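For the sequence shown, the tail end lands on 386 under UniProt numbering, and the numbers increase by one without skipping.
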Amino acid sequence: MFSRAQKTPIAEWWWSVDRELLGALILLMISGIVLSFAASPPVAERLGLDPWHFVIRQAGFCVPALVVLIGASFLTPRHARFVALVTLIGSVAMLWATLKFGTEVKGARRWISILGQTIQPSEFVKPAYAVLGAWLFSESMVLKNVPGKTLATLVGLVIVAGLLLQPDIGQTALILATWAALMFLAGISWWLIFGMAGAGIGLIFGAYLLFPHVSKRIDAFMNPEGGGNTYQIDRALQSLLEGGWFGRGPGESMAKKLIPDAHADYVFSAAAGEFGILFCLVLVGLIAFIAVRGLAGAQRQTNLFPRLAASTLAIQFGLQSGINLAVNLNLIPPKGMTLPFVSYGGTSMIAIALGMGLMLALTRSKPEERLVTGIPAYRSAVAPAE
């Protein structure tokens, strides 16, 4: 497509970006549109909407998401930090504003309307915090007098406090997992790892005691015969089972037509009923490829900041996907977590596109940073080479 001799920005981007990873992300986005065709019409009809309402909107969301994905992948590490900083400041401000001006849905204030568009600020907080936190951690590791880890922890606490007040336990868990991933990648003792694991268990127990909706979900999960509302997960499991290996065919799954969120949180179960377990395994393989490829690209970076940031973004993507899949398989209580690029949702899709675009930018190959000995020589995140 482009000659290696060309020095234009597009040519340099083409030969430095991970094209296999980019292709996998676009393929996952296309899979989301295909599954929207299969899963969303019954949901739209139940809501009194045009059968193709969610399909059209899902395809429409893909356009700005693709622009954000590719546009972000052009950024340098320094520009990626700036974008993450601006995004984090704006999204945290909206996160707290949501507590007063947001729309209340099912007892939670997680969405805010801006210029007629409903936005969930916590979705943008996740990739922005992963990148900015990685920069703060990397600076504290290179320059010992910089309190980067402390600052990253304080920022994380501000985010967590806002999320708990909404309340949004699922996103809180993901932000805490992002911080824990940064701590692990930065190198911590096993005692601290065990301590963090114990603290995580304590937080789960605390959420069970403090938030009624959390206790109800956990009680229904632990004792489905006890009268809890398990209708949606029961229909999701039915859809998983009735599809078999090859599925019943597009539009033929009966259980999918009864799942209230078949186009959103339970799109994976709907896919199993329509296209079968083999299709779902391919989808899981594609998601795993993206996460592993991102981690592999991160390990090739010689600068500490891109290495930490890209690794954290890949882990965050994998964790969010894993949580959604675990809910669909009834391995954990419902969390309200989308399947990246597949579940319906404009804010989620664009925010994930930003995160993956930043990961592509931070894993772009740099000829001057090729390893000679196989041991990366870490430089400060503010090194001129960036």
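Just so it is clear, CB atoms sit at the ideal spot from N, CA and C, and this is done for glycine as well. This one's a predicted model, so the numbers in the text were calculated from it and none came from an experiment.
According to the DSSP secondary-structure assignment, S343 is paired through a beta bridge with no residue. Annotation: the stretch 203-285 contains the following complete segments of the alpha helix (DSSP H) (minimum length 4 residues), in chain order: 212-222 and 231-242.
Here the stretch 233-252 makes no contact with the stretch 203-219; the two share fewer than three CB pairs at distances below 8 Å. In the DSSP secondary-structure assignment, Q120 is not bridged to any residue. Around the C-beta of V17, 16 or more other C-beta atoms lie within 10 Å, and the residue is accordingly described as buried. Per the C-alpha coordinates, the member of G346, G71 and L339 positioned closest to S31 is L339.
The stretch 348-364 and the stretch 76-94 touch, with three or more beta-carbon pairs separated by less than 8 Å. When DSSP states are grouped into helix, strand and coil, S16 belongs to the helix group.
Straight-line measurement puts the Cα of M222 at about 32 Å from the Cα of V158.
Judged by DSSP secondary structure, W111 falls within the beta strand (DSSP E) whose first and last residues are A108 to I114. Take the alpha-carbon of T153 and the one of G133: they are about 8 Å apart. In summary, P250 is exposed, with fewer than 16 beta-carbon neighbours lying within 10 Å of its beta-carbon over all protein chains present. Taking a C-beta distance under 8 Å as the contact criterion, V92 and V125 qualify as a contact pair. Beta-bridge partners of V105 (DSSP): A108. One thing to note: A130 has its Cβ no nearer than 8 Å to the Cβ of T172.
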